[in-house]
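Per mature numbering (1 follows the signal peptide of the UniProt record, and there is no 0): the sequence shown = residues -17 to -1, 1 to 602. Structure first, then comments.
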Amino acid sequence: MALMIWTACLLLVVVAAQTDIGRNASVQVNASGEQAPNTTAGLFNASGQEAPNATAGMLLSSALAPPACRCRSGQSCFDEAPWDDLSQVGVQVADIVSASVMLRGAENDPLWLVDQPGHTYYSGMMGSPSQPGWMITNSTPAKYAELHSADEASQALQFASKHKLALVVKSTGHDFFGRSVSKGSFLLWTHKMTSTEWHESFTPQGCTTDAGSAVSLGAGVQFWQLYQEAAQRELKVVGGTCLTVGHVGFTLGGGYGDASRMYGSGATNLVEAEVVLADGRVVIANKCNDHTDLFRALRGGGGAFGLVTKATYRTYPKPSFEGHIHGRISGDATEGLTKFLAWYAAVVEQGLAKHFGSMLFIREKDVMSEINTVGLSLKDCSRIAKPLGLPCTASSQSWPPPEVVRSNVVGVEGWVDDWEVKSSSSYHTQSLSRYFRLDHIRTDGLRQEFSQTLVRIAKSLGGRSVILSLNYGLGHGSETALRDVADTTVHPDVATAIGTVKLDLTVAHDKLGQKAASDHFAVDQKAYANHVSTRNQLDALLVGSGSYYNEGDYSDEDWQNRYWGFNYAELKRTKSKYDPGNVFTCHQCVGSDAPACSRRLSAKTTEAAENARVNFVIV
């Protein structure tokens, strides 16, 4: 059976997080963009040598420094920077049109949306009373550099360091938390770095052991491009369900695909990365050379350690069988979900969980299954699925990218008036995730409690779904899937999780009200109260469970423990080594808990302080 590929990007995999660039000890400036006393700045070329006339840098510190407040559009330090200097070294720089203007006359087309340097796939995230959210209309960068190589990235970072510019980095802009845009900033765009190189065998730099077949990808490669090339070569590569997502943010956050229980995550399959550090040096990170700690951090620790310009992943022979089980259980959703969980627990205990991925949608009165299988013959699929009453049938259909991502023209007023105002579900009101283990559903009583809780939550969502993602976690997966999980920095629960409970709720802007549609500090009190109730119910059911970094909770105050558990201490040490100035920062990324002017600010902060906020991300 052919694997069915969905067109909707309901479960987006995202995020690495990074911010404005300085050098080892970042240049400190105040909120108005003036350099603070007793600070230094230095420039390096791509091979790590200090450029002529550069002031010597400070020694590495064991503790993180507060990130520097950086210059933004409207300040003389930004507007009067010698931008032509970048063009002289081959870096193209241009102005970005405001998102609210740019989208007029646009198409409701994912490929178009990700191809705009100043726009994002989603348009906002509701915050909390103490944690402001974001809106694309209030977050447009001022200028962007179109990057094509690590050397260009190095030049752009050094320029930004010298002139103390607020930075964001973006590939496709799928990040829920808006980390790939920031008002008045300088955006580094990796979207055009689309090189691919396929290796029959690959030996990482400094290693003596062949890692097997692999593919090296530029930072801008999207999954639809990767899957198309892999299919032509009869190969399988672990990637996300949403075809327009880029691989870098997917991997740095952990990265789960439909076949992760068989082949592992994006993080476990990463074998090498080319990284531009905060000081402009370009390094290679893998498990054999001098940057093994950086390599571990890149395998699930987010993007707060450097700018990844290229990554190499394992590839696998295309499986003989791939399938899709689709069905609906109507009537009593609690009873239906309980029966499904009994079936799934038996599948796990029989050692068959490695064959299953994708998700269930749990609503008040029904349960929808969208389950993908890998490595199961038609006979085995039918036998295993029989208790669910879902037959497996042989069929095949090919959907190349032009058909998968359809272009629906919405008229002269474009995306803003049609998608964002009339029928959009582009603004997030809730996002959270919790891993669950076999012991959470092992007995009838536990399954009943699990089902009752999820259906009760679903009833509060106004017809929308609680999602059970079976592939978000590697517990009881194949030997291949689990072989490198201990050498990653994702939450330890990943090694035992048999799935994830998650919410990804969006709403049309016209239903938010005029104030919420125009003010990224606005909070829908009822929606936020419902979010807190949902979070509390899941935490009572899944006590102490970790969360998937790429689809986390924007307002979670315990995010360090929730995303990484005891691995956060290691990640903090690595952060201090490679970025002691804490210049790579963002909302809920490693090191952002240090006191900093660039953290997300409360709604009561001054305009000057808000202008100093910095985000930096690759998604």
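Cβ atoms here follow ideal geometry from the backbone N, Cα and C, with glycine treated the same way. Keep in mind the model is a prediction, meaning the values are calculated, not measured.
At which residues does the beta strand (DSSP E) containing Val80 begin and terminate?
Per DSSP, Val80 lies in no beta strand (DSSP E) segment and is marked neither H nor E.
Inspect the beta-carbon positions of Gly156 and Thr120 and report whether they are closer than 7 Å.
When the beta-carbon positions are compared, Gly156 and Thr120 stay at least 7 Å from each other.
Excluding the five sequence neighbours on either side, which residues of its own chain have a C-beta within less than 6 Å of the C-beta of His182, listed in chain order?
Contacts found: Ala197.
Based on DSSP bridge pairs, tell me the residues matched to Ile440.
Answer is none; Ile440 lacks a bridge partner.
Can you check DSSP and say which residues form a bridge with His266?
As written in the sequence, residue 266 is Val, which differs from the His given in the question. Beta-bridge analysis with DSSP links Val266 to Val258.
What does a CB cutoff of less than 8 Å around Arg545 pick up in its chain, not counting 5 residues either side in sequence?
Scanning its chain for C-beta atoms nearer than 8 Å, with the 5 sequence neighbours on each side dropped, one finds around Arg545 the residues His474, Gly529, Ser530, Gly535, Asp536 and Asp539, in chain order.
Where Leu451 falls: helix, strand or coil (DSSP)
In this structure, Leu451 counts as strand in the three-state DSSP scheme.
Please classify Pro65 as buried or exposed, where buried requires at least 16 neighbouring CB atoms within 10 angstroms.
Counting Cβ neighbours within 10 Å, Pro65 comes out exposed, since fewer than 16 surround it.
With C-beta atoms as the reference, is Glu246 less than 7 Å away from Thr463?
At residue 246 the sequence reads Tyr, which differs from the Glu that was named. Their beta carbons are under 7 Å apart, which means Tyr246 touches Thr463 by this criterion.
Those residues which DSSP pairs with Gly310 across a bridge
For Gly310, which the question treats as bridged, DSSP gives the partners Ser352.
As assigned by DSSP and simplified to three states, the class of Leu253
Strand, per DSSP.
Which stretch, first to last residue, makes up the beta strand (DSSP E) that contains Trp66?
Note, Trp66: premise wrong, no beta strand (DSSP E); not H, not E.
Give the DSSP-derived three-state secondary structure of Ser154 in the structure shown.
Judged by DSSP in its simplified three-state form, Ser154 adopts coil rather than helix or strand.
Quick check: what's the CA-CA separation for Phe185 versus Thr191?
In this structure, the straight-line span from the alpha carbon of Phe185 to that of Thr191 is close to 11 Å.
Using 7 Å as the limit for Cβ to Cβ distance, is Ala329 near chain C?
Note that chain C does not occur in the displayed structure, where there is just one protein chain.
Excluding the 5 residues flanking Ile345 on each side, which residues of the same chain have their C-beta closer than 7 Å to its C-beta?
Correct list, in chain order: Ala316, Leu320, Leu437, Val438, Ala441, Ser448, Val449 and Leu451.
Would you call the CB atoms of Val74 and Glu135 closer than 7 Å?
Going by beta carbons, Val74 and Glu135 fall inside the 7 Å limit.
Identify the continuous alpha helix (DSSP H) that holds Leu524 and give its terminal residues.
First-last of the alpha helix (DSSP H) with Leu524: Gln508 to Leu524.
Short of 6 Å in beta carbon distance, which residues of its chain neighbour Tyr551, apart from the five on each side in sequence? Order them along the chain.
Once the five neighbours on either side are set aside, the close Cβ partners of Tyr551 are Gln543.
Cys375 burial status per 10 Å Cβ neighbour count (16 or more: buried):
Around the beta carbon of Cys375, 16 or more other beta carbons lie within 10 angstroms, which makes this residue buried.
Inspect the beta-carbon positions of Phe160 and His423 and report whether they are closer than 7 Å.
No, the pair does not count as a contact, with Cβ atoms beyond the cut-off.
Buried or exposed for Asp241, going by 16 or more other Cβ atoms inside 10 Å?
With 16 or more other Cβ atoms within 10 Å, it is buried.
Assign Thr471 to one of three DSSP states: helix, strand, or coil.
Residue state, collapsed to three classes: coil.
If I'm right that Ser168 touches Ala149 with Cβ under 8 Å, what's the distance once you round it to whole angstroms?
The pair is a contact, with the Cβ atoms about 4 Å apart (cut-off 8 Å).
Euclidean distance between Cα positions of Trp117 and His309
For Trp117 and His309, the distance between alpha carbons rounds to 36 Å.
Compute the Euclidean distance between the alpha carbons of Glu347 and Asp507, then round it to the nearest angstrom.
Taking the straight line joining both Cα atoms gives about 23 Å.
Hey, could you find the ends of the beta strand (DSSP E) Met245 is sitting in?
No beta strand (DSSP E) contains Met245, which is instead part of the alpha helix (DSSP H) from Ser243 to Tyr246.
Rounded separation between Gly446 and Val350 - CA only
C-alpha of Gly446 to C-alpha of Val350: approximately 12 Å in a straight line.
Determine the burial state of Ser113: buried for a count of at least 16 other Cβ atoms within 10 Å of its Cβ, exposed for fewer.
With fewer than 16 other Cβ atoms within 10 Å, it is exposed.
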